[in-house]
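Heads up, the thing below is written out as structure tokens.
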Amino acid sequence: MPDSVVMDDDEFAKMYDHIDAEVEEGEGGGGDRREGLKKQKSERGRRSKSVDRSKQPRSKSKSRMRSKSRGRGRTDDDEPKIKKSSSLRDLGDKDDDDDSSRRGQRSSSRPRMSKSNSLRELSKNDDDSSIASKGGGAKSDNEKIEQLEVKNALYKEEFKRVQKEKKQLKKVKDTEIEELQDEIAQLRKEVRNVQEENKNLKESLGESAGDSYKAKNVQDENTRLQAELKETVERATEMVKEREKAIDDLLQEIETLKSDNVQARTMFDATLYKSKLKLEKLDQENDTYQLRIAELEAQLKK
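Numbering (UniProt numbering), first residue to last: 1 to 302.
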């Protein structure tokens, strides 16, 4: 995994726009599928009424049971797309196979049944396509949720890394402050030593007032020492300013990391909340489909 994952505001905005679009699609997708199933059912009803049932010499109860069981039929290509309620699907497939064999036996003696069989096959294909679309949509939603969980894990790792860097920067700052304080104390000690030396030189100058040459040398030495002291103080002051500027930069960087961390945490919470809403919506749709399957199974047993 990379050391850091930094996303700017535009990338976060695009990510949340994409999530909002998915939630809206999930809220509207269930209604569209239900409307499609209602239209297919009404279309099958109109088609079945158009067939002359006087040409089909078989009992009404068996015909009704076959038409209901054929509504549950599927092909082998759809099996990987739907993983729930496998026992109910197997029961529907078995009924479809029995009906297909019986229709094949009757087709030779009653060729007038071909139109009815074509209508049944068309309705069966419509049901297969609608069920496959449901399975594919659920699989796509699960993949998107897994992607969001991966991103959330990356945000958690980034949060831990920021906290660790914050502790390291604080430790470095404290160490540098201690070093600067020691250096300032040393410079003050040197200044006191120089002042004490100047005092001693003045006393020596007073004692040797008669020796002008020595006094002049002492004065020159004092001037040189004062110049060196001034240069040392200026250099120390410049170093202190540079260290203070570096500390300010570190503090500013820490504040920026804090702000980025708060923003990432807020967006992570929003992402998790929207993911939960999406999962609840999918669970509600799944419960609706399970109730419908139970109703169809009860009708098949009658």
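Backbone N, C-alpha and C define an ideal beta-carbon position, used for all residues, glycine too.
ask   = If you draw a straight line from the alpha carbon of E228 to that of K189, how long is it in whole angstroms?
value = 15 Å
request  = Report yes if the CB atom of V194 is closer than 8 Å to the CB atom of L205, and no otherwise.
outcome  = no
key: Straight-line Cα distance separating R161 from E221   = 57 Å
query = Contact check, S275 vs L154 under 8 Å by CB: the rounded distance?
reply = With 8 Å as the limit, S275 and L154 do not qualify as a contact, their Cβ atoms being about 15 Å apart.
key: K160 in three-state terms, based on DSSP   = helix
key: Distance between D260 and L187 (C-alpha atoms, nearest Å)   = 41 Å
ask   = From L291 to A298, what distance separates their C-alpha atoms?
value = 11 Å
ask   = Just to confirm, are K166 and L257 a CB contact at a threshold of 8 Å?
value = yes
query = Of the choices E231, L279, D248, D249, whose alpha-carbon is the least far from that of K146?
reply = The sequence given here places Glu at residue 146; Lys does not occur at that position. Checked all of E231, L279, D248, D249; the closest Cα to E146 is L279.
query = Which of helix, strand or coil does DSSP assign to E234?
reply = helix
ask   = Roughly how many whole angstroms lie between the Cα atoms of E207 and L201?
value = 10 Å
ask   = Taking R192 as the reference, which of E203, Q226, E176 has the closest Cα?
value = Q226
ask   = Could you give the distance in angstroms between the alpha-carbon of E231 and the alpha-carbon of E183?
value = 16 Å
ask   = Straight-line CA distance for F159 to L300?
value = 56 Å
message = Let me make sure I understand the geometry here. Which of N286, R265, E242, A264 has the alpha-carbon closest to that of I177?
response = E242
query = Does the distance from the CB of residue 303 to the CB of L180 come in under 8 Å?
reply = Here the chain has residues from 1 to 302 only, and residue 303 is not among them.
Nonlocal neighbours in the same chain, by C-beta distance under 7 Å from N152, ignoring five residues either side = F268, T271, L272
message = Tell me whether R235, by its Cβ, gets closer than 7 Å to a heavy atom of the ligand MG.
response = With respect to the ligand MG, the structure offers nothing, as it holds no ligand at all.
ask   = When you compare only the Cα positions, how much space is there between residue 378 and E238?
value = Only positions 1 to 302 of the chain appear in the structure, and residue 378 is not among them; the question remains open.
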